[in-house]
Amino acid sequence: MQLKMLSITLVVIAVASGSLAQVTGTYPAVPLISKHYASPADLPYKVDTDTGLVRGQQTGYNICNSTTENQQSLCQTFYFNAHDDFCLTAPPNPGKTVADQEGEMVAWCSKKGHGTRLIPNGAIKGLEFRKTPDYIQIVGKIDQTLINIPEGDYGGEMDSGGADGRGNPMGGVFFSTAWGGSSPIQASHWTCFMGGDMFGCKACDPSKSNPRRHCEHIYDRIGIVWNMPSNAKEGEFVSCDADNAEFVGVYTSNGQVLTYTQPPESLGAISTMPYTPTIPPSSNCKTFASTQLFAALPTGSSSGSTSGTITGSGGSSKPTGSASATGSGSAGAKPTDSGAEAIAVSAAASVLGVLFAALFLA
Ligand SMILES: *[C@@H]1O[C@H](CO)[C@@H](O)[C@H](O)[C@H]1NC(C)=O
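Here the sequence shown stands for residues -21 to -1, 1 to 341, numbered as in mature numbering (1 follows the signal peptide of the UniProt record, and there is no 0).
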């Protein structure tokens, strides 16, 4: 396998220039994980109404319906129901890396009816959905240029936490019908990895004993393979039952149960891991053809589908196969100012994870 030089994405929270009201703090009074809604019908227009915080305001909205169902939608309510009915966290606009707009991600869904953008037909190249006793998970391969992620961007993690508790995207909420009930149930703890032509999302059953740890979001730099062990393969579309994975970061070595600590970004790229993740056994697997799952999706062209010029830097929005240079700085390292520094740690390219992921999915 040919390994390309990977650029490590430096994450800098760019505080929108000029127009921001005065910044008076970083943390919200109520973190996203403490905002509970009995059903999507109970959602406010925006889940995050904080003002004056360092990351600015929620860029999209949570009331999503037929009028918001289009390719410019800024819906930030994500449905994760089944192998053929899920939404990914992806950028509203092309031309910027995942790390540079993790706080603004919008819902791109595999099915109509959620008031969101739709993942273009043909974008998804393979997936594995697994339902375990405590969570649901989907991992797969995608042409990420069709959902506004620049070619060559190794991306990062979005989750219900974020370094400041506002979530990435801010105000992003997940609902699922996978656990029964007459209307979708909110999963307050969820996590998604996007980038490196892969996607993965996990949402934890709120009625079980440890949704926080099964959907842990502190291992943002080690990627999908460690956070979401799966048997996903390119060209296969599979839905399974499965056992729970061990909590992310917990592993057994010489009979001892240990917990991995992710080193701080200041120590540089993570180049070794003390363990390889165990893929929990799966059962009742059903295999589908992609046409069975996604035939109703419209075809899409690459990221240009939203208006706006594509700036030269990282964001190549050309169809795959073009040899455009993406190097010039995914997430150009802008000078940061003090307040943003702490937040910046929350998202990072998971270079190592992506390398291993490529092996698993090859
Ligand atoms: C549809 O969603 C928009 C945007 O969130 C909202 O303003 C509008 O009230 C909604 N319409 C209905 C009928 O709920």
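All C-beta atoms in this analysis are idealised placements derived from N, C-alpha and C, irrespective of residue type, glycine included. Predicted, not measured: the structure shown is a model, and the values here were computed from it.
Contact check for Cys194 against Thr156 fails: the beta carbons are separated by 8 angstroms or more.
Beta-bridge partners of Arg192 (DSSP): none assigned. Of the candidates Asn223, Thr240 and Ser245, Asn223 places its Cα closest to the Cα of Ser261.
With fewer than 16 neighbouring CB atoms inside 10 Å of its own CB, His15 falls in the exposed class. Listed by position along the chain, the residues with Cβ atoms less than 7 angstroms from a non-hydrogen atom of ligand 1 are Tyr24, Tyr40, Ile42, Cys43, Asn44, Thr46, Thr47 and Gly94.
Only buried fits Ala78, as 16 or more other CB atoms lie within 10 angstroms of its CB. Just so you know, the alpha carbons of Arg200 and Phe65 end up roughly 24 angstroms apart.
Inclusion of Gly160 and Asp132 in the CB contact set at 8 angstroms is not warranted, their separation being larger than that value. In terms of Cβ geometry, Ala86 and Phe57 form a close pair [threshold 8 angstroms].
Per DSSP, the unbroken beta strand (DSSP E) holding Trp87 starts and ends at Val85 to Cys88. Judged by DSSP in its simplified three-state form, Trp169 adopts strand.
Apart from the 5 residues on each side of it in sequence, Gln116 sits with its Cβ closer than 6 angstroms to the Cβ of Arg109, Lys181 and Met207 in its chain, given in chain order. Between the alpha carbons of Asn210 and Glu107 lies a distance of about 7 angstroms. Cβ-Cβ distances below 6 angstroms link Thr238 to Gly228 and Val229 in the same chain, with the five nearest sequence neighbours on each side left out; the list follows chain order. Lys120 has its alpha-carbon roughly 5 angstroms from the corresponding atom of Lys104. If you look at Thr270, you'll find it in the alpha helix (DSSP H) that goes Ser269 to Phe273. Straight-line spacing of the CA atoms in Gly31 and Gln271 works out to 47 angstroms.
Taking every protein chain shown into account, the CB of Gly74 has 16 or more other CB atoms within 10 angstroms, so this residue is buried.
If you compare the alpha carbons of Asn127, Ile164 and Gly35 with that of Phe153, the shortest gap goes to Ile164.
Contact between the stretch 142 to 153 and the stretch 3 to 11 is present: three or more C-beta pairs spanning the two stretches fall below 8 angstroms. Excluding residues up to 5 positions away in sequence, Tyr230 lie with their Cβ nearer than 6 angstroms to the Cβ of Tyr254 in the same chain. Assignment of Gln241 by DSSP, reduced to helix, strand and coil, places it in the coil class.
At the C-beta level, Arg34 and Met137 stay beyond 8 angstroms of one another.
The Cβ-Cβ distance between Ser186 and Leu11 does not fall below 8 angstroms. Rounded to whole angstroms, the separation of the alpha carbons of Lys90 and Ser13 is 28 angstroms.
Per DSSP, Asn60 is not a residue of any alpha helix (DSSP H); the beta strand (DSSP E) it occupies stretches across Thr56 to Ala61. Its Cα nearest to that of Thr257, the residue Glu225 stands out among Ile249, Glu81, Leu276 and Glu225. Around the C-beta of Gln80, 16 or more other C-beta atoms lie within 10 Å, and the residue is accordingly described as buried. Comparing C-alpha distances from Trp205 to each of Val118, Thr278 and Gln235 shows the shortest one belongs to Val118.
Restricting attention to alpha helix (DSSP H) runs no shorter than 4 residues, the stretch 79 to 164 encloses none.
Sorting Arg191, Ser167 and Gly279 by C-alpha distance to the C-alpha of Ala17 places Ser167 at the top.
By the criterion of a C-beta distance shorter than 6 angstroms, Ser269 is surrounded in its chain by Phe216, once the five residues flanking it on both sides are discounted.
Taking every protein chain shown into account, the CB of Gly247 has fewer than 16 other CB atoms within 10 angstroms, so this residue is exposed. Per DSSP, reduced to three states, the secondary structure at Ser13 is helical. Taking the C-beta atoms as reference points, Gly101 is found nearer than 8 angstroms to Thr278.
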